[in-house]
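Student: Here you go, one structure.
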Amino acid sequence: MNLIFFDMCTQLAHVSKVIVCLTDSFRDSPYCRTVAELALINKKKTQVIKLKNSFNLGGWLASKYNVHSTLEFADDASQENCLKNLFKWLSKEQRGMKRHLPPELSVDKRVRGEKDTEKEFCLASLEYIAKASCTDLTFNNKTFSFDENNIALLEMRTAIKNVNPLIDMQLEENKDAISLALLIKCFVKKIMKEVHFEVVDTMEQQELFKEIQESVNNILYFPEKLKTTFIESLTSRIKDKSKLHTKSENRNKLINVEACEYQCAIFGFNENFVFRLSNLGPMGLEHGNILYFFSTWLESYWQEMLSETNHNPYDHESNFKKLGINSDVSEILSRSIKMNVREMQTSLYWAKSYLKTVWFSHPLISQCNNEFLPTEVDKWIECREIIEKRQIELSNKTAIGHIKLFRASKQSKLTDLAVKREYCIENKNVYYHGTEQYCLYGERGKDGILSKGIDLRKGNGKQDFSHRCGFYLSDTLDAAREWGGNKSPNDHCVIVFAIPEELLSAERQGGLDVTRDDEKWGRVVDYFRNGESNTESNFDDSELNEINNAKFIKGNISKRDKSAYTINNIVVRQICLKEKEYAKRIESCIRAIIFYHTEN
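Offset between the sequence shown (1-based) and the numbering used here: plus 14.
See below:
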């Protein structure tokens with residue numbers, strides 16, 4: 015296939031909003047990259063189709079746009095001429111042309127449910143709910159009508175997908191199911207509000223809403239366990255109980271997914287958050303995004319809870335509910351925190367981690383993307399290869415180009431020993447930082463670790479060695495992975511640092527090492543865990559000066575009972591970076607990033 019043909023395909027894709035994915039050998043071609051860029055720049059709703067060869071392309075386009083020209087190509091030349099003619103015709107029609115979906119996405123097949131994927135069952139469920147509630151949906155300034163004769167709903171997956179930039183030509187199946195599950199959550203909320211609908215009485219009497227919520231939450235919070243049966247049973251319940259209740263006299267209601275009540279429903283927050291968000295007004299949201307306000311309100315509620323008698327900061331499910339998180343989500347979040355770390359952080363910490371995870375990973379809200387996520391799994395890839403291939407614009411491109419990336423599959427056997435063999439060279443020690451991918455990229459890719467560097471001000475309050483100003487590293491891969499996984503089970507990563515011994519010397523660098531002094535270590539932890547209060551620690555002035563001016567603090571990780579945290583009976587060490595210039599020196603020691611991404 016020649017470059018002229020690629021160029022013609024690019025123009026066709028640009029006009030017709032269709033991205034054509036040919037055989038695997040062409041996935042990395044200039045054509046594919048160019049079309050992906052066009053989709054981003056023009057923010058067009060693009061549809062991806064897969065064809066076995068170029069000959070099918072002309073036939074598919076002909077059937078899609080009712081062009082009855084002969085499109086059987088004998089060679090590249092006739093192929094090129096035919097596509098030129100087709101391109102001219104499409105250019106004249108431009109956006110006035112009628113859109114059709116290819117046969118493989120027809121309604122009949124999806125409703126029939128034969129060999130359908132999870133996302134297709136989920137889409138069918140969404141259709142039934144929409145018809146039952148006589149509700150239309152607005153999303154990204156476009157209205158989707160759910161009349162039986164309107165197929166706009168079937169393009170919903172494309173609209174959702176384009177909230178996140180299109181990067182890889184390979185589609186990630188679970189992302190569609192998660193997106194649609196979020197929409198179902200919005201529709202359930204809408205139906206529950208419209209009490210005059212007959213369908214509501216029927217569903218509430220049979221406690222179907224609880225079952226629907228459970229199915230949706232399974233899709234949202236446990237995608238690694240996603241089974242067709244979850245969505246199939248969800249579809250069946252909605253179909254049986256709601257499809258017959260649509261009444262012609264009911265006027266269609268609109269759901270604006272970007273409205274306050276539905277944003278809160280997606281996050282799992284209660285009506286108190288809806289009220290506060292709606293009272294902000296447009297000016298309020300100009301001074302801070304939803305993530306900022308939700309986080310601020312969580313902290314405010316937490317301060318009120320601290321004054322309660324017998325308040326237990328580690329009774330997570332109960333505390334989540336008091337913080338304003340809906341009961342069904344509170345239960346799931348509490349269950350998802352592993353037993354060995356449940357009492358190492360307060361409920362506020364886990365709630366804010368959940369908030370960031372939703373903000374990053376859910377396609378209806380996300381302002382982020384996985385632009386550095388490798389396509390291939392269990393293979394080390396140079397970061398500069400992805401930067402060049404995807405033409406990523408970075409101010410520090412040279413600084414991170416040497417970093418290696420690794421996308422671990424569920425079966426990955428990458429170990430702490432293997433990583434240290436690779437990077438424990440020339441008197442260097444390997445340390446790790448486990449976090450959400452959100453922290454790696456930041457909002458819109460502008461303020462993450464890769465783009466802006468380590469920001470000590472983003473630290474949480476009342477930690478082992480810091481209070482609102484610190485960045486932590488651990489000396490084992492398992493600890494970092496576990497920590498990142500508890501913050502974001504489906505999209506976390508581990509940053510690998512290879513730090514020269516010289517930089518880790520407390521004596522030479524102005525740090526504090528309490529690794530071998532258990533008594534002082536316990537008092538330091540008390541000091542910071544109490545918000546830098548010296549009431550229990552009883553440090554004298556010289557000791558306080560040493561602690562507060564330390565560029566870093568090194569020691570064990572503390573559990574709630576003041577014992578040291580261990581993995582496989584081995585004590586895990588940590589370093590907390592506390593001074594800006596020292597953090598920049600450590601930042602230059604980043605050597606690799608390991609992605610633990612659900613959709614492998």
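From the three backbone atoms N, C-alpha and C, an ideal C-beta is built for every residue, glycine too.
Quick one, are the C-beta atoms of Ser312 and Leu337 less than 8 angstroms apart?
Tutor: The amino acid at residue 312 is misidentified as Ser; the sequence shows Leu. Cβ distance < 8 angstroms, so Leu312 and Leu337 count as in contact.
Student: Alpha carbons only, please: which of Phe485, Asn548, Phe566 is nearest the one belonging to Leu558?
Tutor: Selected option, being the one with the closest Cα: Asn548.
Student: Are the CB atoms of Lys534 and Phe566 within a distance shorter than 8 angstroms?
Tutor: Contact flag unset, no.
Student: Tell me whether Asp130 is buried or exposed, calling it buried when 16 or more other Cβ atoms sit within 10 Å of its Cβ.
Tutor: With a pLDDT of only 44 at Asp130, under the threshold of 50, the placement of this residue in the model should not be trusted; the figure read from the coordinates follows. Buried, because 16 or more other Cβ atoms sit within 10 Å of the Cβ of Asp130.
Student: Is the CB-CB distance between Ile417 and Ile589 below 8 angstroms?
Tutor: The answer is no: Cβ separation not under 8 angstroms.
Student: Among Ile414, Ala279, Lys393, Leu518, which residue has its Cα nearest to the Cα of Tyr455?
Tutor: The candidate whose alpha carbon is nearest that of Tyr455 is Ile414.
Student: Given this structure, state the Cα-to-Cα distance separating Met353 from Lys594, to the nearest angstrom.
Tutor: Near 34 angstroms, if we compare the C-alpha coordinates of Lys594 and Met353.
Student: For Asp430, which option in Tyr445, Leu419, Pro388 has the closest C-alpha, if you only look at C-alpha atoms?
Tutor: Among Tyr445, Leu419, Pro388, the Cα nearest to that of Asp430 is on Tyr445.
Student: For Glu560 and Leu526, I'd like the C-alpha separation in whole angstroms.
Tutor: Roughly 8 angstroms separates the two Cα atoms.
Student: Once the 5 residues before and after His506 are set aside, which same chain residues still bring their CB inside 6 angstroms of it?
Tutor: Excluding sequence neighbours, His506 sits near Glu450, Gly498, Gly499, Tyr610.
Student: Compare the C-alpha of Thr360 against each of Ile346, Asp342, Asn340, Asn326 and name the closest.
Tutor: Selected option, being the one with the closest Cα: Asn326.
Student: Just to confirm the assignment: which complete alpha helix (DSSP H) runs, minimum length 4, are found wholly within the region 314-388?
Tutor: The qualifying runs are 330-337, 341-350, 361-375.
Student: What first and last residue would you give for the alpha helix (DSSP H) that runs through Asn559?
Tutor: First-last of the alpha helix (DSSP H) with Asn559: 555-562.
Student: In whole angstroms, give me the CA-to-CA distance for Val403 and Ser426.
Tutor: The question names Val, but residue 403 is Lys in the sequence shown. Roughly 25 angstroms separates the two Cα atoms.
Student: Taking C-alpha atoms, which residue in Thr323, Ser344, Phe542, Asn340 lies nearest to His330?
Tutor: The residue with the shortest Cα to Cα distance from His330 is Ser344.
Student: Within its chain, find whatever has a CB closer than 6 angstroms to the CB of Lys598; leave out the 5 residues flanking it on each side and keep chain order.
Tutor: Nothing listed; no residue qualifies.
Student: Under the three-state reduction of DSSP, which class applies to Gly475: helix, strand or coil?
Tutor: Three-state DSSP puts Gly475 in coil, outside helix and strand.
Student: Could you give the distance in angstroms between the alpha-carbon of Tyr486 and the alpha-carbon of His447?
Tutor: Answer to the nearest angstrom: the Cα atoms are 7 angstroms apart.
Student: Enumerate, from N- to C-terminal direction, the unbroken alpha helix (DSSP H) stretches of 4 or more residues contained entirely within the region 481-525.
Tutor: Runs of the alpha helix (DSSP H) inside the region 481-525: 491-501, 520-523.
Student: By DSSP's criteria, Thr429 is part of a beta bridge. Which residues make up the other side?
Tutor: DSSP output for Thr429 lists no bridge partner at all.
Student: Between the beta-carbon of Thr371 and the beta-carbon of Lys472, is there less than 8 angstroms?
Tutor: The answer is no: Cβ separation not under 8 angstroms.
Student: Out of Tyr579, Tyr541, Pro388, which one is the CA nearest neighbour of Ser488?
Tutor: Ranking Tyr579, Tyr541, Pro388 by Cα distance to Ser488 puts Tyr579 first.
Student: Let me know the secondary structure DSSP gives Ile608 once reduced to three states.
Tutor: If DSSP states are grouped into helix, strand and coil, Ile608 belongs with the strands.
Student: Nearest to Asp478 by CA position, among Phe386, Ile513, Lys576, is which residue?
Tutor: Per the Cα distances, Lys576.
Student: Going by beta-carbon coordinates alone, are Glu491 and Val433 separated by less than 8 angstroms?
Tutor: In the sequence as presented, Glu is not what sits at residue 491; that position holds Leu. Yes, they are a contact pair.
Student: With DSSP collapsed to three states, give me the class of Thr310.
Tutor: Looking at Thr310 - three-state DSSP - the assignment turns out to be helix.
Student: Hey, how far is the Cα of Ser350 from the Cα of Glu322?
Tutor: So the two alpha carbons sit approximately 26 angstroms from each other.
Student: Quick one: Cα of Arg41 to Cα of Thr389, how far?
Tutor: Residue placement at Arg41 is flagged as unreliable, the pLDDT there being 41, under the threshold of 50; the coordinate-derived value follows with that caveat. Rounded to whole angstroms, Arg41 to Thr389 spans 11 angstroms at the Cα level.
Student: Rounded to a whole number of angstroms, what is the C-alpha to C-alpha distance between Met8 and Asn340?
Tutor: Residue 8 is absent from the structure shown; the chain starts at 15 and stops at 614.
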